[in-house]
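The next block holds one structure in the form of structure tokens; read it before the comments.
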Amino acid sequence: MKLLIKTALSLLLVLNLHYFLNAQSKSIVFGSEMELSQLTAGSKNKGNSINWINVNTSPETWMRNKDLLVCSGQPIGVMRSEKQYENFMLHIEWKHLEPGGNSGVFVWSSANPGENRLPNGVEVQMLELDWVRLNTKDGVAPPVAYVHGELFGVGGVQTVPDNPRGTRSKSVENRCKGRGEWNTYDVSCIDGVVKLAVNGKFVNGLSHSSQKKGYICLESEGAQIHFRNLRIIELPSGVTSAAQVAPELP
């Protein structure tokens, strides 16, 4: 019996390792990137395609549908950029399909999942507006600002919020649109400072991030979400110590 149990556990370990390695090997091309120097020089180059690597979700979690990237939300986990970014501008458009849907983008991330299946970094949150109503407890609803683009460090990454709600930074104006409508995020990430524009206006920010270079991760967290028009403009690098850089992944 002990031999049978040991054999079963070994087989399970091998299968889990195979699943993890297989997920890591799957990539999706989505969005484009270009350097600021290309943009200012008037280059006709529309940028390079961005490869995304499935970290710990299933092959069916992320699917291309013409110009859209569709995330099923199951299982919880992330897909990461193939390379790391330090200083950059990120443009991304997103739309929730389910009431109270939860997702987000991690910047300056290790792309190494923790116990909750999510990595460290600075999270730029994407919540559907009904999340507040659906998470009311004992008649008390969470702050409305919670669903309008909160920013916060996760997994041990320390930050200083511009507009504190505890350790998180809340938007000073509620600008997100609800289920079935497209939202636009423009995220400036420079030298440990993150600024977020929601649908055309800068409304949130944080500074002094303890991690200033890492991967960009798109989050799957329980509900279907669509992404489109992801663009990255890379800016010149800064003075960053080894301790402020996420470990390189193969």
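All residue numbers for the sequence shown refer to the working numbering, where the first residue is 127 and numbers rise by one. Built from N, CA and C at the ideal position, the CB exists for glycine as well.
Item	Value
contact_flag[the region 191-207, the region 319-330] where n(CB pairs < 8 Å) is 3 or more	no
Given Ile176 as reference, the closest of Arg259, Val313, Glu161, Ser335 once Cα atoms are compared	Glu161
One or two residues paired with Trp308 in a DSSP bridge	Partner(s): none; Trp308 has no beta bridge.
Under 9 Å between C-beta atoms of Pro181 and Pro225	One point to set straight first is that residue 181 is Val, not Pro, in the sequence displayed. For Val181 and Pro225, no; Cβs fall outside 9 Å.
Touching by the beta-carbon criterion (3+ pairs, under 8 Å), the region 303-310 and the region 253-263	yes
Asp312 versus Val266 - alpha carbon distance	32 Å
Check whether Leu361 and Gly157 have beta carbons under 9 Å apart	no
Through-space distance from Thr285 to Leu332, alpha-carbon basis	7 Å
Gln164, enclosing beta strand (DSSP E) - first and last residue	Looking at the DSSP string, Gln164 is not in any beta strand (DSSP E); the run it does join, the alpha helix (DSSP H), is 162-166.
Start-to-end residues for the alpha helix (DSSP H) that takes in Leu260	257-260
N-terminal and C-terminal residue of the beta strand (DSSP E) that Leu322 is part of	319-324
Backbone secondary structure at Val181 - three-state DSSP	coil
Residues that Pro287 bridges to, as DSSP identifies them	Leu332
Anticipated Cβ contact below 8 Å, Glu249 with Phe278, distance rounded	6 Å
Under the three-state DSSP convention, the category Val250 falls into	strand
Backbone secondary structure at Val313 - three-state DSSP	strand
Expected contact under 8 Å - CB spacing of Ser295 and Asn330 to nearest Å	6 Å
Cβ shell of Glu299 (< 6 Å), same chain only, five flanking positions each side left out	Val329
Where Val270 falls: helix, strand or coil (DSSP)	helix
Short Cβ contact (9 Å threshold) for Asn213 with Ile316	yes
Proximity winner among Val320, Asn174, Gly348, relative to Ser336 (alpha-carbon distances)	Val320
CA nearest to the CA of His352, picked from His334, Ile218, Gly292	Ile218
Identified DSSP bridge partners for Phe214	Cys315, Glu360
Rounded C-alpha distance that separates Asn148 from Gly292	Note on Asn148: pLDDT 47, under 50, position unreliable in the model; the coordinate value appears next. Looking at the two C-alpha atoms, the distance is approximately 39 Å.
Contacting residues, own chain, Cβ-Cβ under 8 Å from Leu223 (five flanking each side not counted)	Arg305, Gly306, Ala349, Gln350, Ile351, His352
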